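Using our numbering, you'd call the opening residue of the sequence shown number -16 and step up by one each time.
C-beta: ideal position from N, C-alpha, C; glycine also.
Model, not experiment: these values are computed from the prediction.
Let me begin by presenting the structure, written as structure tokens, before commenting on it.
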Amino acid sequence: MNIIEQLNWRYATKEFDASKKLTEEQLDLLLEATNLAPSSFGLQPFQMLVIENDDIKQQLKAAAWNQPQTTDASHLILFVIKTDLTDKDVDAFLKNISEVRNIPLDALAEYEKKMKGFVNQMPKEELLNWQAKQAYIAIGQLMVAAAVEGIDTCPMEGFDKNEFDKILQLKEKNLTSVVMAAVGFRSALDKYQHLPKVRKSLNEMVIKL
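As structure tokens, this is what we get:
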């Protein structure tokens, strides 16, 4: 499969075919591909909330300016971040490294010091922004993986994050919403799928030194 062809095929789908659903295998593949996205330190300071319940999607639609993708897509994948990222999160990450790579925690002491220094010295608002940036890297990988598999997506920032947090009771979990991808299959009626993709030329985009 030519990845450039698939990325040209991909577009921000506006109308999904509500009758078409992802299989469990397709959903799992997208989630695994997204989980493999790079992140700063490898810390993965975000989670994915997978929403397929029609009642919840309907509630979210009102908080997403009534955009039809919210209810018509097969699934919504909402990226959320912690409002209280602490040393405990770093400790859990280091424990995972130790177990997966079979190395003692003591060998990670310098890495631990570096990460905890980074997390603890950053003002809260900057730390939230940093976590959000990692989520944006991941949603990009999600969309590429979906395109390769012939699955449609629409990245969405156009929603009231405070309302989403209330509906999904994220505050109680010390989480807050960042960005979302509607995932499914395009409707034959979506006119946007036939429009040529508009991008800058590489000569305009790339500066070679």
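Fully enclosed by the segment 48 to 130, which beta strand (DSSP E) runs are 3 residues long or longer? Fully enclosed beta strand (DSSP E) runs of 3 or longer: 58 to 65.
Tell me the DSSP secondary structure of S160 in three-state form. DSSP places S160 in the strand class (E or B) of the three-state scheme.
So, under 8 Å CB-CB, I150 and Q114 are touching, yes? Tell me the CB distance rounded to an integer number of Å. Contact doesn't hold; Cβ gap of about 21 Å is too wide.
Compute the Euclidean distance between the alpha carbons of V258 and Y119, then round it to the nearest angstrom. Past the edges of the chain, shown from -16 to 192, lies residue 258, and the structure says nothing about it.
So the beta strand (DSSP E) I190 belongs to, where does it begin and stop? No beta strand (DSSP E) contains I190, which DSSP labels as neither H nor E.
Sorted by chain position, which residues of the same chain lie with C-beta nearer than 7 Å to N157's C-beta, five sequence neighbours on each side aside? These residues qualify, in order along the chain: K65, T66, D67.
Beta-carbon proximity check, F24 vs S170, cutoff 8 Å: Result no, Cβ atoms of F24 and S170 do not sit closer than 8 Å.
Check whether the segment 129 to 137 and the segment -13 to -2 are in contact - that is, three or more C-beta pairs closer than 8 Å. Segments in contact, yes.
Using C-beta distances below 6 Å, list every residue in its chain close to F147, excluding the 5 sequence neighbours before and after it, in chain order. A46, S160, listed in sequence order.
Give me the Cα-Cα distance between S81 and S22, rounded to the nearest whole angstrom. Roughly 18 Å between the two C-alpha positions.
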